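Data block below; observations after.
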Amino acid sequence: MNLFRMNLFPGRLVAVAIVTAGLGFGAAAGAETPRAEELEQLRINTAYIIEAGEFEIDIVPFYFDYDDGEHLGVEAEFEYAISERFMVEIEIPYHRVSTDDGHLDGTGNVEVAGKWLLTEQGGFAMAFNLGVELPASDEIPGVAEDAWGVEVTTPISLHFPDRYMRVHIEPGVQWQEHEGFEEQLLNLAVEHRPGGGNIALQLGSNIVREEGEVEAYLVPSFEVSATTVPFQFGMAVAAGLTSESADWGLLLDFEVEF
39 MNLFRMNLFP GRLVAVAIVT AGLGFGAAAG AETPRAEELE QLRINTAYII EAGEFEIDIV
99 PFYFDYDDGE HLGVEAEFEY AISERFMVEI EIPYHRVSTD DGHLDGTGNV EVAGKWLLTE
159 QGGFAMAFNL GVELPASDEI PGVAEDAWGV EVTTPISLHF PDRYMRVHIE PGVQWQEHEG
219 FEEQLLNLAV EHRPGGGNIA LQLGSNIVRE EGEVEAYLVP SFEVSATTVP FQFGMAVAAG
279 LTSESADWGL LLDFEVEF
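For the sequence shown, the numbering used here assigns the number 39 to the initial residue and increments by one for each residue that follows.
Quick look at the structure:
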């Protein structure tokens, strides 16, 4: 939904693969691999939801370097699981766009979303995600739009416990007032926790197709989970693959659970 979601369209499918060395990090072999409802630094929803009654706060700073300017901002995301199969989320972004002519900044469109876990059997899970973007009071190019938006995705997650690996696929579409179904998207990601430990090595690809133009990225990242407190830190570097993409980008993720 936001300007920097960096979603992918299968017009140019980027192969996703990751090869890692054995970097055990304090976990016994055979331990259950931690699972996340979102990989924020990769801009992808998984099929999972957080535990019932759990509350999470995510702070996601980002920076993207485009030919026409620099995009800097931070998003605050608040998640709560109402039941074992349903969670809600509120996302509040702040954007700053700088060009040779000056800069624009302000609060972007707020998004309210819900995720339903449709099924989870063995290593397969599938969910339905619906996000509604609320129109801003003022139209600010590149920052906020005075229009409604809706995004629908169906994330799928595959778990391979013997390899401490998960694969995530998230296709979807976005509708916006006055524009209709303007975007088709596909997000892909592979995450591997060597030895089932606290470090996750990840590789994602994000593509969005809008009005015949494709914006595509390859996004390597990592995530570290603390052992004594419910805290996670993630970092990713996005490499643009098409002329419509940013030259490069950097995303961070600070996550706390309650």
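All C-beta atoms, glycine included, are put in the ideal place defined by N, C-alpha and C. The model shown is predicted, which means the values in this text are computed figures rather than measured ones.
Q. With a cut-off of 8 Å, do at least 3 Cβ pairs link the segment 255-268 to the segment 96-105?
A. no
Q: Could you spell out where the beta strand (DSSP E) holding residue 186 opens and where it closes?
A: No beta strand (DSSP E) holds residue 186; DSSP gives it neither H nor E.
Q. Taking only runs of the beta strand (DSSP E) that begin and end inside the segment 137-222, which ones reach a length of at least 3 residues, in chain order?
A. 140-145, 149-159, 162-171, 187-191, 194-198 and 203-214
**Q.** Test item: CB-CB of residue 273 and residue 290 under 8 Å
**A.** yes
Q.
Using CA atoms only, rank isn't needed, just tell me which of 171, 110, 124 and 109 is closest to residue 91.
A. 124
Q.
I'd like the span of the beta strand (DSSP E) that includes residue 108, first residue to last.
A. 107-119
Q.
Counting beta carbon pairs with one atom in the segment 230-241 and one in the segment 205-215, are three or more of them shorter than 8 Å?
A. no
**Q.** Cβ neighbour criterion (16 or more within 10 Å) applied to residue 87
**A.** buried
Q. Does DSSP classify residue 250 as helix, strand or coil?
A. coil
Q: Between the Cα of residue 159 and those of 196, 110, 171 and 153, spot the shortest distance and give me the residue it belongs to.
A: 196
Q. Secondary structure at residue 279, three-state DSSP: helix, strand or coil?
A. coil
Q: Counting only the same chain and skipping the five closest in sequence on each side, list residues whose C-beta sits under 7 Å from that of residue 80.
A: 227, 240, 242, 257, 259 and 274
Q) Given a threshold of 16 other Cβ atoms within 10 Å of its Cβ, counted over all protein chains shown, does residue 68 qualify as buried or as exposed? A) Low confidence applies to residue 68: its pLDDT is 41, below 50, so where it sits in the model is not reliable enough to give any reading.
Q | Own chain, CB closer than 6 Å to residue 203, minus 5 neighbours either side, in chain order | A | 230
Q) Using the rule of at least 16 other Cβ atoms within 10 Å of the residue's Cβ for burial, across every protein chain shown, is residue 198 buried or exposed? A) exposed
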